[in-house]
Amino acid sequence: MSPAGRAGGYEPKSGGNYPAATAAASQRHRRDTPIDSFNVHRTPSVGRYLCYRGIVACMPDHRDLISELFSVVGRFRRQLRRSTGGGFDATGLTQSQGELLRLVGRRPDISVRESAAELSLVPNTASTLVSRLVADGLLSRTVDDADRRVVRLRLTPPAQAIADESRAARRAALGAALAQLDDSQITDLANGLDVMTELTRLLHEAEQGDE
1 MSPAGRAGGY EPKSGGNYPA ATAAASQRHR RDTPIDSFNV HRTPSVGRYL CYRGIVACMP
61 DHRDLISELF SVVGRFRRQL RRSTGGGFDA TGLTQSQGEL LRLVGRRPDI SVRESAAELS
121 LVPNTASTLV SRLVADGLLS RTVDDADRRV VRLRLTPPAQ AIADESRAAR RAALGAALAQ
181 LDDSQITDLA NGLDVMTELT RLLHEAEQGD E
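Right, dumping it as C-alpha cells:
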C-alpha cells in the first residue's frame, strides 16, 4: 500500500486501467486530502459507499466473524432439528410455513398483518401462506370482533399437537445440553443472546430505513 493509502486515502485497485491524467489527479487528491476530511456520516448512502469502496482504512474487518456467525447459527438449527425430530419441518412444509406455524403456536390469535411483520414478510406473501395452511387443515382464521378488517390466526388441533410435541422435545434436548455447561458458559450464552437481540433490532431498523 502506498503512503497515501496508509494515511487513510483511497487506494485504487492495483492494475486498474486509469488514464494518466486521472491517475495523477487521484494521487494528488489522496496525498492532499486526509481521511478526516471525509465526513462519512453525512448521509447513510455516502457512509455506505465510502465503506464499500474501502476509503475508511480504519474500519474493522468483520468478515471472519460474519462467516462464523452464519456457520454456528446454521449448524445449531440443523442439529436441533435432527435431535428433536424436526416438528413442522418433518411434515413436508416449507421453512416459511413452519416458521409461521411456530409463531402462531407461540402467539395464538396473532393477526395476519402482525405475523407478516414478525417474520419480515410482505402482507401478500403472508396471506398466501395462511391460505395454504388453512387449506391443509393446519391453521384456522377468524375475523376480529372489534375490527372486521383484522383476521386472527390459531393452530388447528392437529397442528397444535405437532407444536406441543416439538416444543417439549426442543426444551428437553436443550435442557440436557445446558446442564453440561458450567456457570461461566451459561453467563456467556446469556450475554450472547443479548447481542443477538441487538443485532436483530439493528437489522430490522436498517430494513425499515430502506423502505
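The opening position of the sequence shown corresponds to residue 1 in the UniProt record's numbering, with each subsequent residue numbered one higher. Ideal placement from N, C-alpha and C gives every residue a C-beta, glycine not left out. Since we're looking at a predicted model, the values are computed, not measured.
Spatial distance of N191 from V72 (CA atoms): 16 Å
Which residues DSSP lists as bridging S120, in chain order: According to DSSP, which records beta bridges pairwise, S120 is partnered with nothing at all.
Cβ neighbours of V143 in the same chain (closer than 8 Å, five flanking residues each side left out): V150, V151 and R152
Neighbour-count burial assignment, F76, 16 or more Cβ in a 10 Å radius: exposed
Collapsed DSSP secondary structure at L93 in the structure displayed: coil
Bounding residues of the beta strand (DSSP E) (the contiguous stretch that carries R152): V151 to L155
Rounded straight-line distance, which links the Cα of A116 to that of S96: 11 Å
Straight-line Cα distance separating T200 from D147: 31 Å
Beta bridge counterpart(s) of I110 as assigned by DSSP: L153
Counted within 10 angstroms of its Cβ, other Cβ atoms place G209 as buried (16 or more) or exposed: exposed
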